[in-house]
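A.B. asks: Chains as they are written, first to last, in my numbering: chain G, 8 to 617; chain E, 552 to 925.
All C-beta atoms, glycine included, are put in the ideal place defined by N, C-alpha and C.
Note that the coordinates shown come from a computational prediction; the quantities given were computed from them, not determined experimentally.
1. I'd like the ranges of any beta strand (DSSP E) spanning at least 3 consecutive residues and lying wholly in the segment 386–441 of chain G.
2. Can you give me the start and stop residues for the alpha helix (DSSP H) that residue 247 of chain G sits inside?
3. On a CA-only basis, which of E:646, E:773, E:811, E:769 is nearest residue 867 of chain E? Give me that one, please.
4. Quick check on residue 600 of chain G: does DSSP put it in helix, strand or coil?
5. For residue 186 of chain G and residue 683 of chain E, what's the separation of their Cα atoms in angstroms?
6. Starting from residue 552 of chain G, follow its DSSP beta bridges and name the residues at the other end.
7. Given 8 Å as the limit, is there contact between the segment 135–145 of chain G and the segment 206–218 of chain G, that is, 3 or more CB pairs closer than that?
8. Closer than 9 Å between beta carbons: that is the criterion. Which residues of the segment 154–188 of chain G meet it against chain E?
9. Does the CB of residue 603 of chain G have a neighbour CB from chain E at under 8 Å?
10. Among E:771, E:761, E:787, E:773, which one has its Cα closest to the Cα of residue 781 of chain E?
11. On the premise that residue 747 of chain E lies in contact with residue 691 of chain E, defined as a C-beta separation below 8 Å, what is that separation, rounded to the nearest angstrom?
12. Out of E:743, E:621, E:591, which has the shortest C-alpha to C-alpha gap to residue 601 of chain E?
13. Out of E:730, E:775, E:764, E:706, which has the shortest C-alpha to C-alpha gap to residue 198 of chain G?
14. Am I right that residue 206 of chain G and residue 532 of chain G are in contact with their C-beta atoms under 8 Å? What's the rounded C-beta distance?
15. With a cut-off of 8 Å on the beta carbons, I'd call residue 681 of chain E and residue 584 of chain E a contact; round off their distance for me.
16. Name the two residues that bound the continuous alpha helix (DSSP H) containing residue 874 of chain E.
17. At a Cβ threshold of 8 Å, is residue 741 of chain E touching chain G?
18. Return helix, strand or coil for residue 696 of chain E, following the three-state DSSP convention.
19. Is the separation between the beta-carbon of residue 338 of chain G and that of residue 348 of chain G shorter than 8 Å?
20. Residue 199 of chain G CB to nearest chain E CB: under 8 Å?
21. Just the Cα atoms here: how many angstroms apart are residue 616 of chain G and residue 500 of chain G?
22. Check whether the Cβ of residue 840 of chain E lies closer than 8 Å to any Cβ atom in chain G.
23. One question on the structure: do residue 193 of chain G and residue 175 of chain G come within less than 8 Å of each other, judged by their Cβ atoms?
24. Between the alpha carbons of residue 833 of chain E and residue 872 of chain E, how many angstroms are there, rounded?
25. Taking only beta carbons into account, state which residues of the segment 224–240 of chain G come closer than 8 Å to chain E, listed in chain order.
26. Taking the beta strand (DSSP E) that residue 342 of chain G belongs to, which residues open and close that run?
27. I'd like to know whether the C-beta atoms of residue 516 of chain G and residue 567 of chain G end up nearer to each other than 8 Å.
28. With 8 Å as the threshold, decide whether the Cβ of residue 706 of chain E is near any Cβ in chain G.
29. DSSP on residue 92 of chain G, reduced to helix/strand/coil?
30. When the Cα atoms are used, what is the spatial distance from residue 508 of chain G to residue 89 of chain G?
31. So which residues of chain E does residue 148 of chain G contact, with C-beta pairs closer than 7 Å?
32. Taking C-beta pairs closer than 8 Å, name the residues in chain E that residue 316 of chain G reaches, listed in chain order.
33. For a quick check, are the C-beta atoms of residue 121 of chain G and residue 190 of chain G less than 8 Å apart?
34. Check for me: the alpha helix (DSSP H) holding residue 48 of chain G runs from which residue to which?
35. For chain G, find out if any of its Cβ atoms is closer than 8 Å to the Cβ of residue 573 of chain E; answer yes or no.
36. What does a CB cutoff of less than 7 Å around residue 152 of chain G pick up in its chain, not counting 5 residues either side in sequence?
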């Protein structure tokens with residue numbers, strides 16, 4: 008349509024823009040609207056931000072092929088965020104074009120199919136030379152009405168990889184956009200923008216005006232308008248991605264979560280929306296079920312966010328990976344309760360079902376050699392790729408795991424201590440206090456035996472004895488399996504990954520809630536949260552999750568699951584002190600099923616070589 | 552390259568960025584005065600959701616006159632998450648607007664609702680000077696049904712591109728409102744956006760976001776809003792009447808508005824022309840004349856076999872269907888001007904439509920006498 012006056016202003020604006028460099032043109036024509044200093048400084052700030060972030064914007068290309076999307080460098084060692092729907096077609100190796108006009112080889116690291124996020128790593132032209140990158144912002148601070156910039160390579164326009172910049176408002180926050188097919192590409196708690204995004208912008212960055220990354224652009228509402236900008240685009244919030252970043256860096260094919268209970272509006276006719284639990288999954292029992300959550304409970308908040316609509320519930324649930332433990336507050340009979348609930352996997356069902364019924368093998372189809380695929384195999388980035396079920400790239404899992412273990416081992420080398428272990432000290436079990444002695448040793452048959460002597464009670468277990476029943480595995484009574492747990496702990500220290508034939512892999516970063524000395528409080532559990540690097544280990548039928556400090560890789564505790572579909576035995580370590588040059592915890596808080604089993608104060612460790 | 556960045560960056564500095572409240576603050580205030588509407592529809596591309604503007608503390612809502620309102624079961628979600636029932640008070644198709652009222656729980660529809668909602672004073676807003684081309688605007692709506700309950704509306708920003716009358720051209724787009732509208736350079740008119748608010752940078756109400764309108768020739772979509780002081784002059788019987796939004800709102804809320812009787816519905820067969828077209832086999836069969844029946848207006852006007860009708864009354868006509876649609880809106884005695892492609896030339900032909908011949912005509916093609924060929 009006609010814009011009678013806009014041409015004039017646009018022309019003036021072009022001038023003003025160009026004038027930022029040659030000073031002579033700064034003079035504003037007399038007819039121009041007065042541009043105050045705020046306008047000029049806002050413009051200058053914007054120009055500076057664009058110049059600063061541009062070198063970190065990636066044009067994502069298939070290996071030796073064309074542009075498939077955009078991406079953004081988030082670390083000097085070359086980690087690039089993009090969309091899963093961009094990475095999907097080109098994995099495992101790709102090329103990334105930067106605004107220096109060069110293409111860099113890259114390899115898939117991790118992926119999140121449900122959240123539509125993938126992590127690549129670009130390889131520098133010279134070993135060790137750093138990439139430009141952008142800082143991650145805090146998307147929870149983003150508001151509807153804030154300005155934003157999207158960058159990337161829409162329509163593959165830029166042949167020298169200079170990114171296209173678009174500018175516009177954040178139109179809404181905490182938006183929910185349902186999955187697109189097979190439960191994947193679900194945009195929860197996402198940022199809605201009018202900032203123009205088009206085909207090719209997928210996977211590219213959304214910035215706030217400080218040049219901080221607040222989202223990854225990936226979707227729009229189109230309906231009948233064709234898949235081009237309709238004024239309604241969506242970016243995955245960077246705070247969601249932060250929750251998954253540990254998994255992505257560890258090469259995992261990450262999964263989202265379900266609560267293990269369904270939640271809905273209490274009544275459609277209510278004035279204010281009240282969210283209640285509709286159904287709780289009890290077969291197999293979900294953690295929500297074991298925590299005592301019941302149908303009819305009113306959900307007040309989940310993960311610290313108030314629950315007011317189905318969309319909000321899906322939003323909050325959607326930003327977390329499976330297995331995370333998060334606080335849920337609910338109301339029953341006018342009493343407020345709070346508990347930590349372990350989230351279940353989103354895709355577990357699909358995976359398990361496909362495991363249960365293996366498909367008949369498809370007859371091999373005659374394949375024509377794809378020249379690009381052949382070429383991709385020769386990429387130097389292929390050296391950084393290892394295929395394994397459950398992982399996007401197992402190479403990076405080993406890398407992360409070994410880095411974590413190297414840090415952990417600075418606390419002491421236990422590999423030679425294969426003899427009997429004796430730990431003595433005092434136990435405080437509330438009503439009962441007394442001396443304790445743990446002993447882990449091999450019997451004459453070579454089987455490991457774990458014994459706990461508490462005052463005059465002796466509990467004894469051969470963890471690997473196939474005849475053990477569930478209650479034996481959970482000895483001592485009320486601990487959820489402390490004997491098995493200590494056995495696992497010793498294996499970690501002495502054998503490391505070799506002690507866990509069923510798997511020993513880095514499982515990203517998860518929240519951990521070490522209880523204060525006086526015991527687990529009834530509310531405000533989020534205040535206890537410490538984010539830890541996690542290793543999942545499997546030995547025989549026993550699963551254990553080890554939680555390491557992110558800063559110095561100290562083992563802060565672990566959870567052992569001796570019995571399937573039951574709560575784990577939780578062990579929290581503190582009061583680390585040196586023993587013969589090795590750092591060992593001198594306080595163990597043991598919890599099971601939300602209750603404290605006991606506190607153990609260690610007086611001494613006797614760890615023998617033979 | 553640097554220049555490109557500078558240019559892109561600078562384009563948007565044209566708007567005033569100083570003094571005014573931050574946009575998130577303005578957006579939050581406006582959002583409180585808007586409602587999400589849910590009603591009839593929900594199949595194919597007919598949406599069952601829309602947007603409305605609160606125009607009184609006790610729950611009167613102004614929105615577009617969409618099919619959404621064709622139900623007694625309208626549901627409103629307020630900004631704070633309250634879900635309430637509502638019903639249509641009055642619709643004025645000529646203004647393409649409707650007034651809807653919220654029902655308070657446990658009260659009769661004609662009782663005061665006792666609500667005290669944040670709202671726009673539309674009458675006052677209409678007295679303010681209109682927005683001008685180049686003015687900065689914000690648009691708020693629940694487009695694509697993104698928000699529910701207490702979730703905030705979509706906010707977009709744009710510039711008034713024009714304040715003008717849009718000529719609705721049948722077959723291209725039939726414009727629902729014939730007064731002046733604000734044309735906006737942002738993509739504001741998405742599904743469900745109709746009835747949303749167009750405001751200035753400080754949140755002052757300027758207009759009501761209109762419907763989705765597509766130009767079928769260029770495949771482009773129109774983004775417009777009906778100004779708060781919008782008016783339209785129409786024929787009511789013999790006299791001309793001017794309808795305006797402020798009057799509609801004032802009388803509508805007082806229960807005193809009577810919609811204008813629309814002039815005879817243009818759904819009759821229209822005038823008779825006497826053209827037989829080529830078989831209409833595809834969606835867009837070009838309007839080629841196969842025959843003209845003897846003694847009909849078409850023969851009198853001199854139309855011939857193989858003529859291709861390209862324009863009627865200056866409007867492009869691309870198919871037999873479009874021609875028939877156009878004819879439906881005519882009546883016997885009207886003269887239509889055809890632009891006809893004959894060979895390589897464009898010929899102008901005036902054709903005076905007549906009454907349809909008596910029942911037996913038009914005769915069946917099989918038994919008709921040979922058409923006159925000239």
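C.D. replies: This is what the structure gives:
1. 428–436
2. 245–256
3. E:769
4. coil
5. 42 Å
6. G:543, G:566
7. yes
8. 154, 156, 167, 169, 171, 172, 173, 174, 175, 176, 177, 178, 179, 180, 181, 182, 183, 184
9. no
10. E:761
11. 5 Å
12. E:743
13. E:706
14. No, residue 206 of chain G and residue 532 of chain G are not in contact; Cβ-Cβ is about 44 Å, not under 8 Å.
15. Rounded, the Cβ-Cβ distance is 20 Å, inconsistent with contact.
16. 871–879
17. yes
18. helix
19. no
20. yes
21. 13 Å
22. no
23. no
24. 10 Å
25. 228, 230, 231, 232, 236, 237, 238, 239
26. 342–349
27. no
28. yes
29. helix
30. 34 Å
31. What residue 148 of chain G touches in chain E: nothing, since even the nearest Cβ is about 11 Å away.
32. 632, 699, 700, 701, 702
33. yes
34. 44–60
35. yes
36. 176, 177
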